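Here the structure comes first, spelled out in structure tokens, and everything after it is commentary.
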Amino acid sequence: MMVYGAAVQAFCFALVSTGLAINTKQWQAVAVTFIFGYYTTFGLSWIAVPWLYPAEVNTQHMRIVGAGIATATNWISNYVVVLVTPVGINNIQWKYYLIYAVLNAAFVVVVQIFYVETAKLSLEEIDNLFERGSTLHDLEPRNEGMEKDPQIVHVDNSCNGVSR
Numbered sequence: 112m113m114v115y116g117a118a119v120q121a122f123c124f125a126l127v128s129t130g131l132a133i134n135t136k137q138w139q140a141v142a143v144t145f146i147f148g149y150y151t152t153f154g155l156s157w158i159a160v161p162w163l164y165p166a167e168v169n170t171q172h173m174r175i176v177g178a179g180i181a182t183a184t185n186w187i188s189n190y191v192v193v194l195v196t197p198v199g200i201n202n203i204q205w206k207y208y209l210i211y212a213v214l215n216a217a218f219v220v221v222v223q224i225f226y227v228e229t230a231k232l233s234l235e236e237i238d239n240l241f242e243r244g245s246t247l248h249d250l251e252p253r254n255e256g257m258e259k260d261p262q263i264v265h266v267d268n269s270c271n272g273v274s275r
């Protein structure tokens with residue numbers, strides 16, 4: 112989802128830049144349409160990444176630290192974008208959106224190469240994936256020591272003599 116999201120976002124920013132560069136009423140409408148396209152795509156693909164992905168890829172021991180770093184990075188990045196965007200638009204106008212188009216296009220490649228796919232994997236399987244130092248595309252989880260379908264056993268009087 113992150114790869115597709117970045118690709119669509121790159122496309123949206125390229126069309127926003129094109130619409131503002133041509134600067135006719137029709138192309139300005141295209142630019143506005145694709146700004147909304149970007150917001151929709153971002154909301155469906157990337158908005159949850161700082162909150163969900165670090166919790167999945169960090170070990171149990173590092174999960175809170177990773178979530179903290181991801182949260183701080185998210186807010187610092189938002190601050191920088193809000194600070195820089197008006198200056199960028201004033202100085203380089205429509206070309207400013209090309210920067211975001213290129214960054215999103217680069218993220219298509221970065222995510223494909225460096226981000227591990229975590230869909231349909233348990234947290235334990237993801238931990239095993241990182242423990243064994245998997246290669247970039249070796250994404251088959253190793254289930255050593257884990258039963259395929261563990262059975263849950265009910266034990267009567269299992270309170271060890273403590274009354275309830």
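So the sequence shown is numbered by my numbering: it starts at 112 and just counts up by one.
Heads up, the beta-carbon is just placed ideally off N, CA and C, and yes, glycines get one too.
Every value quoted in this text rests on a predicted model; they were computed, and no experiment measured them.
> Under a three-way DSSP split, which group does Q171 fall into?
Replying inline: Taking the sequence shown and counting its residues from 1, the one referred to as residue 171 is at position 60. Three-state DSSP puts Q171 in coil, outside helix and strand.
>> Can you give me the C-alpha to C-alpha distance between R253 and M173, rounded to a whole angstrom?
In response: In the sequence shown, residue 253 corresponds to position 142, counting from 1. In the sequence shown, residue 173 corresponds to position 62, counting from 1. A caution first: R253 carries a pLDDT of 46, below 50, which makes its placement in the model too unreliable to give a value.
>> Between F83 and Y208, how many whole angstroms is the CB-CB distance? I'm expecting something under 8 Å.
In response: No answer is possible for residue 83: the residues shown for the chain start at 112 and end at 275.
> Taking the continuous alpha helix (DSSP H) assigned at Y207, which residues delimit it?
Replying inline: Residue numbering aside, residue 207 sits at position 96 when the sequence shown is read from its first letter. That run of the alpha helix (DSSP H) goes 206 to 225.
> Does DSSP put N201 in a helix, a strand or coil?
Replying inline: Taking the first residue of the sequence shown as position 1, residue 201 is located at position 90. Reduced to three states, the DSSP call for N201 is helix.
> Within 10 angstroms of its Cβ, does Y190 collect 16 or more other Cβ (buried), or is it exposed?
Replying inline: Indexing the sequence shown from 1 puts residue 190 at position 79. Exposed, because fewer than 16 other Cβ atoms sit within 10 Å of the Cβ of Y190.
> Candidates G244, F147, P161: which alpha carbon is nearest A183's?
Replying inline: Numbered from 1 along the sequence shown, position 72 holds the residue referred to as residue 183. Measuring from the Cα of A183, the nearest candidate turns out to be P161.
> Leaving out five residues before and five after S156 in sequence, what residues of the same chain have Cβ atoms less than 7 Å from its Cβ?
Replying inline: As a working note, residue 156 is residue 45 in the sequence shown. The residues are M112, M113, Y115, G116.
> If you pair each beta-carbon of the stretch 142 to 150 with each one of the stretch 125 to 134, do three or more pairs fall below 8 Å?
Replying inline: yes
> In angstroms, rounded to a whole number, what distance separates the CA positions of F147 and T170?
Replying inline: Here residue 147 refers to the residue found at position 36 when the sequence shown is read from its first residue. Here residue 170 refers to the residue found at position 59 when the sequence shown is read from its first residue. Near 37 Å, if we compare the C-alpha coordinates of T170 and F147.
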